[in-house]
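Working notes, structure below.
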Amino acid sequence: MEPLRPGPPPTVWSRRWRQRWAPPTSVAASADHGESFVDVTDLEVLSFLSVSSVDYWAYRPALQQVAAWYWTLKHPEQSGSVGERAARAVAEVASEGYGRALEFIAYRYALATGIIDETGFPEAVAAHWLTTEERHGLGNDPISISARVITRTLFVVRLLPAIDHFLDLLRKDSRLPRWRAMAAHALCKRDDLARQKPHLNLGRPDPTQLKRLFGARWGTQVNRIELARRGLMTEDAFYAAATPFAVAAVDDQLPRIEVGTLGPAPLSADVPERHFDFGSV
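Just so we're aligned: 176 in the working numbering is position 176 of the sequence shown, and the numbers increase by one with no gaps anywhere.
Encoded structure:
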């Protein structure tokens with residue numbers, strides 16, 4: 001009998017797919033009929049953070065992803081995780097703080113790839129991706145403007161690698177079990193209603209109603225800018241992320257949480273300067 005032929009070695013993309021579709025975790029949650037167990041994937045927890053947060057935590061990981069791309073562009077022979085490559089890029093920048101260094105690297109990336117020239121993005125592009133308050137507050141700062149525009153469009157170009165970094169940070173965050181339990185509680189509300197009213201199509205809510213629901217929770221219009229600030233770069237991404245938690249949101253059972261910095265607790269040298277507020281972008 002011939003021995004089994006070995007399969008092909010794993011590729012970067014196959015590793016990413018395995019990571020994204022990792023097996024769910026079974027979590028105990030209180031239900032109307034007693035305790036229930038809900039299978040929660042890490043991607044669902046990430047969606048939970050996007051639709052439940054009161055801060056714009058996705059900006060920093062997005063900047064780190066751009067910094068990693070910039071490092072690879074300049075040093076294609078050097079590998080490493082997104083965090084490792086971003087740290088190398090930041091180490092070469094003399095800046096007032098970690099956050100500003102990441103913004104400057106995003107500006108350099110836009111220059112290096114030919115997206116912009118030294119003057120930054122055209123006014124029409126900036127107007128398309130910045131809020132009115134941001135346009136007034138940032139003035140003519142091409143670095144801050146470029147960083148925001150780049151991070152609000154990066155998923156459109158490179159969806160899976162960016163999500164890969166977000167999932168890496170999530171799995172290294174000590175708060176993951178607590179967030180997973182919160183997500184399980186919200187998903188349990190959906191499952192309870194599905195059992196009580198099986199005629200409802202809870203998996204396909206009306207898109208307009210879904211926007212109205214979460215717009216009321218967020219206190220702002222659900223548009224391309226707000227979605228991008230939450231790490232949801234398309235309306236399809238918003239629909240997929242918000243749908244599982246819509247029932248909990250309707251019942252006001254979806255918590256409002258402050259994420260802050262996603263990932264392991266930062267070292268003191270890695271804490272952004274006070275003047276750079278990741279939550280205000």
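For each residue, glycine too, the CB sits at the ideal point set by N, CA and C. All of these numbers come straight from a predicted model, not from anything done at the bench.
A direct Cα-Cα distance of roughly 16 Å separates residue 64 from residue 145. Pairing residue 265 with residue 247, the inter-Cα distance amounts to about 32 Å. When secondary structure is reduced to three states using DSSP, residue 119 falls in the coil class, being assigned neither helix nor strand. For residue 44, the secondary structure class from DSSP, reduced to helix, strand or coil, is helix.
Minimum Cα-Cα distance from residue 113 among the listed residues 123, 128, 83 and 72 corresponds to 72. Judged by their CB atoms, residue 26 and residue 40 are nearer to each other than the 9 Å cut-off. The alpha carbon of residue 189 has as its nearest neighbour, out of 103, 166, 81 and 255, the alpha carbon of 255. The shortest C-alpha to C-alpha distance from residue 135 to any of 252, 225 and 169 is the one to 225. For residue 43, the closest alpha carbon among the candidates 127, 176, 228 and 249 is that of 176. Per DSSP, reduced to three states, the secondary structure at residue 96 is coil, with no helix or strand assignment. Counting only runs that start and end inside the stretch 155-241, the alpha helix (DSSP H) elements of at least 4 residues fall at 159-172, 176-196, 207-218 and 224-229. Remark: C-beta atoms of residue 151 and residue 59 approach each other more closely than 9 Å. Residue 94 is not a Cβ neighbour of residue 67, given a cutoff of 9 Å. Assigned with DSSP and collapsed to three states, residue 58 falls in coil, not helix or strand. Sorting 92, 182 and 193 by C-alpha distance to the C-alpha of residue 74 places 92 at the top. Rounded to whole angstroms, the separation of the alpha carbons of residue 165 and residue 80 is 12 Å. The continuous alpha helix (DSSP H) containing residue 86 extends over residues 82-91. Checking the DSSP bridge columns, you'll see residue 28 partnered with 37. The three-state secondary structure of residue 50, taken from DSSP, is helix. If the five residues before and after residue 120 are omitted, its C-beta is found closer than 7 Å to the C-beta atoms of 142, 145 and 146, all from its own chain and listed in chain order.
Within 10 angstroms of the beta-carbon of residue 61 lie 16 or more other beta-carbons, which makes it buried.
A contact is defined here as three or more CB-CB pairs under 8 Å, and the stretch 189-203 meets this definition with respect to the stretch 234-247. By the neighbour-count criterion, in which 16 or more other beta carbons inside 10 Å mark a residue as buried, residue 216 falls on the exposed side. Per the DSSP secondary-structure output, residue 150 pairs with nothing in a beta bridge.
Here the alpha carbons of residue 235 and residue 227 stand approximately 8 Å from one another.
Taking residue 169 as the centre and dropping the five residues before and after it, the same chain places the C-beta of 61, 262 and 263 closer than 7 Å to its C-beta, in chain order. In this structure, residue 184 and residue 29 form a Cβ contact; the two beta carbons are roughly 4 Å apart against a cut-off of 8 Å.
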